[in-house]
Structures are given as structure tokens and as C-alpha cells.
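Enquirer:
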Amino acid sequence: MTPLTPEEARDQLATAETLATTSGTDAQIGAFITAGVGVLIAVVLVMTRVLVETIPMPYVIIMGVLASTVVGLIPLVGLMPWHNHHVRFAKRGFARRYAASFGVTMALYAIGMMWAISTPWVVFAPYCVLVALPMLLMATRMAQR
Amino acid sequence: MSPENHSANQEVHPRHRLNETIHAPVRFSIIATLAGADQAEFSFVRDTVEVSDSVLSKQVATLESAGIVKVKKGYVGKRPRTWLSLTAFGRRAFQDHLAALREIAGG
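Same order as they appear, the protein sequences are chains Y and H. So the working numbering is basically just the index in the first sequence, starting at one, shifted up by 42. So the working numbering is basically just the index in the second sequence, starting at one, shifted up by 717.
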């Protein structure tokens, strides 16, 4: 192997740095998906509350509606792996970060569901923002990388 | 300096820790591109590194046989695709290589 000068080594390190941060628009789309899913889950929480308030229904049906929204949202966990399969460049760690923030948001969502019927809006509305927050923060970090 | 000391000094010099497989310019660029990805499509790496399909295929085969890169073939819809990613060993080897480069760059 030809011995490297410090200057050549610095050039190689600069090349590595530049190439490692190459991502194109795919990373931005990944961040957008993460933010979108976070907002969607918060909106579903609000809509469920509105539905339960406006349409009188037996308690069992209400519980059924709440449970079915949770079950309906769970497949969204596969959205980022699906996205990664379809893009040319799957940014490192995006699927893991998405899954982690999705898990926290869904846990907050499930807790919010228990409050959905009884809590005053003044408490419930900020809580809905809190539900979306983990995925919004993660999306911001993804977009900055 | 005794011959033993001279030999010991040569062994600790960072250039001895440079990985010969990674050191080649095209292969270095391929690995550096993949370092920022969970996986990247063959065509993306080709366009980023600015080489032909055949050159990339040859270099990827070398990296695959060294256990540095993993090649996965599949389909997106009906279109065949090839995805490249670094193995855990490849990622470690690249980090070690970069560490040696940093030492050399530091003089």
C-alpha cells in the first residue's frame, strides 16, 4: 500500500464526510412521513372524542370504537420500512427512529383514549398536541441529519 | 534504536491499520456512501460514486467477498432492484480505517 501523507488522509476523510451525508430528497420524505403520522394519530384522537360526544351510543360500543382505532393505527408502524423499500437511499437509523417515536406516540394515544370521554377539552386539546410531539420532534431531527 | 524497537515502532504506525480492501478509492467511496444508509439502491451508489455499472459490480463483488458489503436482490413492483448495505463487520472495519486516517491526518 502506498504510504499516505497527512494531506491525503485529510482529503479522504473529507470525501467520507461528504458521501456519508448524501441522501437526496428521500430523507426529507422520511421526515415528512414521520411528522404526518404523528399529526394523523393526534387528529384521530380528537375525532374519536368528537364522535363519542356527538353521537350517543352505549358504553360497550364506545369502547369498541376506541379499541378499533388503536388496532387500525398499528399497521402504520410498517410505513417507514415500506418507504425504505421503495426509496433509492434509506437513511441510516430512520426505520429505528420512526418505530421508537411511533411507539411513544401510540402509548400516549392509548392513555389519551382512556380520558377521551371524560376529560375537559381544556386539558384534552393540549394532550392531543403532546401525542403528536414525539413524532414531530423525531421528524425534525431526521430532517436536520 | 535497536531492531526490535524499530520493528515495534513500524507496527504501531497508523498506516498499518489501514484496511487494504477499503483503501482503494472507488471502494472507499462506495463504503463511505453506504455508511450513511441502512441500505442504498445499486443505481444510487453508481450515480453518487460516478462509476459505470460494471465497475461498481466488480468492486461490490470484492467488498462482498471480504464480508464488508451485503447485497440483496428483490423487486419493487415488477422492477428488479439490487440493494447494498454495510455489514456489521464492514461498518466496524470502516470506522477503524477512518480512525487510522485521522491519526495520519493529525501528523
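Ideal placement from N, C-alpha and C gives every residue a C-beta, glycine not left out.
1. Once DSSP output is grouped into helix, strand and coil, what is the label at Glu767 of chain H?
2. Find the residues of chain Y that neighbour Ile785 of chain H, judging by a C-beta separation of less than 8 Å, and give them in chain order.
3. Of all the options H:Ala822, H:Val793, H:Ser802 and H:Glu767, which has the alpha carbon lying nearest to the alpha carbon of Arg784 of chain H?
4. Under 9 Å between beta-carbons, which chain Y residues line up against Arg809 of chain H? List them in chain order, please.
5. Answer yes if the region 87-102 of chain Y comes into contact with the region 131-143 of chain Y, meaning at least three C-beta pairs across the two stretches below 8 Å, and no otherwise.
6. In terms of residue numbering, what span does the alpha helix (DSSP H) encompassing Arg798 of chain H cover?
7. For a test of the three-state rule: what should DSSP assign to Ala783 of chain H, helix, strand or coil?
8. What does Leu773 of chain H touch in chain Y if you count any residue whose Cβ is under 8 Å from its own?
9. Please report the straight-line C-alpha distance between Leu82 of chain Y and Ala152 of chain Y, rounded to a whole angstrom.
10. So for Val146 of chain Y, helix, strand or coil by DSSP?
11. May I ask you to list, following chain order, the residues of the region 742-768 of chain H that have a beta carbon less than 7 Å from some beta carbon of chain Y?
12. If we cut at 7 Å on Cβ distances, does His125 of chain Y have a partner in chain H?
13. Can you give the beta carbon distance from Ala185 of chain Y to Ala754 of chain H, rounded, assuming they're within the 8 Å contact cut?
14. Classify Val788 of chain H as helix, strand or coil using the three-state DSSP reduction.
15. Can you pull the chain Y residues whose beta carbon is under 7 Å from the beta carbon of Ile858 of chain H, in chain order?
16. Reducing DSSP to helix, strand and coil, say where Ile747 of chain H ends up.
17. For Val79 of chain Y versus Met177 of chain Y, is the C-beta distance shorter than 7 Å?
Expert: Reading off the structure:
1. coil
2. Within chain Y, no residue comes near Ile785 of chain H; the closest Cβ sits about 14 Å away, beyond 8 Å.
3. Looking at the sequence shown, residue 784 of chain H is not Arg but Gly. When only C-alpha atoms are compared, the closest one is H:Ser802.
4. Per Cβ cutoff of 9 Å: no residues; Arg809 of chain H is ~15 Å from chain Y at best.
5. no
6. Here Arg798 of chain H belongs to no alpha helix (DSSP H); instead the beta strand (DSSP E) covers Arg796 to Leu803.
7. coil
8. The contacting residues do not exist; Leu773 of chain H stays about 14 Å from chain Y at best.
9. 14 Å
10. helix
11. Phe745, Ser746, Ala749, Thr750, Ala752, Gly753, Ala754, Asp755, Gln756, Ala757, Glu758, Ser760, Phe761 and Thr765
12. no
13. Not confirmed; about 16 Å, so no contact.
14. strand
15. In the structure as shown, chain H starts at 718 and stops at 824, and residue 858 of chain H therefore has no counterpart that could be examined.
16. helix
17. yes
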